[in-house]
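Convert by adding 503 to the 1-based position in the sequence shown; the result is the number in my numbering.
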Amino acid sequence: MSALWLTRIVPHPASRDARRDLADAVALHRRLMSLFPDGAGDDPRATLGVLHRTDDAPTGPSVLLQSRHQPDLGRLPEHYGQAVTRTLDPLLSALRSGAHINFRCTASPVRKPGATTRALYNLPAVVPLHGAHAEQWWLRQADTAGLKVLTLHAQPLDSATGVRGKRGSGDQQRVRHARTRFDGTAVIIDSDLLRTKIAEGIGRGKAYGCGLLTIAPSHGGAV
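Here it is, written out as structure tokens:
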């Protein structure tokens, strides 16, 4: 597996750029992608392995950014906030089956009903999941990530929203992804699967702050 980098950005509350980005999932996506070189192909987010999420704390919000390429933090606007990058390689190399970990993932749990079910119940193509249904969704995702969940707390969050496309053009599209934050503890069943899922992310909305899975040894907190 190629190297992974984790960057924590603590936006300055006085920064107009930072406030705008935190309020608009599309703007934040563009800001983070601007920290990487151009020419990364048709899907630069996937090519560069860019995943992110916003965590709220009593001291204010912070943005976690994971990537396969080290970001150029000098591309952030002046006075945007504080930022620091570290490699995840030591953590990933130390993963072993049977180890206990803490995890956190803000994801967009959904189901995609078939055409017959959609027509019968007048459902959209993608149905957001909440409550116990969201928890069951996460348990399935954890299983495919090589984890056996021991404890789980699911907290619904505001949806990630924004408008994609050039302002004033006819091709604008509203973005909206329902979000749930999953915290808990787990046992690693397959460390290779876990490394893969950490690098790839989980679920939909990866460009807009969903799918980043972070872990830490169970004697510490989530990354």
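Yeah, the Cβ is synthetic: ideal placement off N, Cα and C, and Gly gets one too. Note that the structure is predicted; figures quoted are calculated from it, not measured.
Query	Result
Got a sec? Which residues, its chain only, sit under 7 Å from A637 by beta carbon, not counting five neighbours each side?	P612, A657, T683
State the beta-bridge partners of S570 as determined by DSSP.	W508
Between which residues of its own chain and L531 is the CB-CB distance below 6 Å, once the five residues before and five after are set aside?	D524
In terms of residue numbering, what span does the alpha helix (DSSP H) encompassing S596 cover?	592-596
For A530, which of helix, strand or coil comes out of DSSP?	helix
Using three-state DSSP, classify I648 as helix, strand or coil.	Correcting the residue type first, residue 648 is Ala in the shown sequence and not Ile. Looking at A648 - three-state DSSP - the assignment turns out to be coil, as it is neither helix nor strand.
Please report the straight-line C-alpha distance between R571 and G668, rounded to a whole angstrom.	26 Å
For G649, collect the residues of the same chain with a Cβ closer than 6 Å to its Cβ; drop the 5 residues on either side in sequence, then sort them by chain order.	I692, D693, L696, L697
For my contact list, H633 and P659 are in at a C-beta cut-off of 8 Å; report their separation, rounded to the angstrom.	6 Å
Under DSSP, the beta strand (DSSP E) around A610 begins and ends at which residues?	603-610
For K700, count neighbouring C-beta atoms within 10 Å of its own C-beta (all shown protein chains included) and say buried if the count is 16 or more, exposed if not.	buried
Between which two residues does the beta strand (DSSP E) carrying R677 extend?	676-691
Kindly list the residues whose CB is nearer than 6 Å to the CB of L568, restricted to its own chain and excluding five residues on each side of it in sequence; keep chain order.	T510, L535, H555
So which of V587, D592, A689 has the shortest CA-CA distance to A702?	D592
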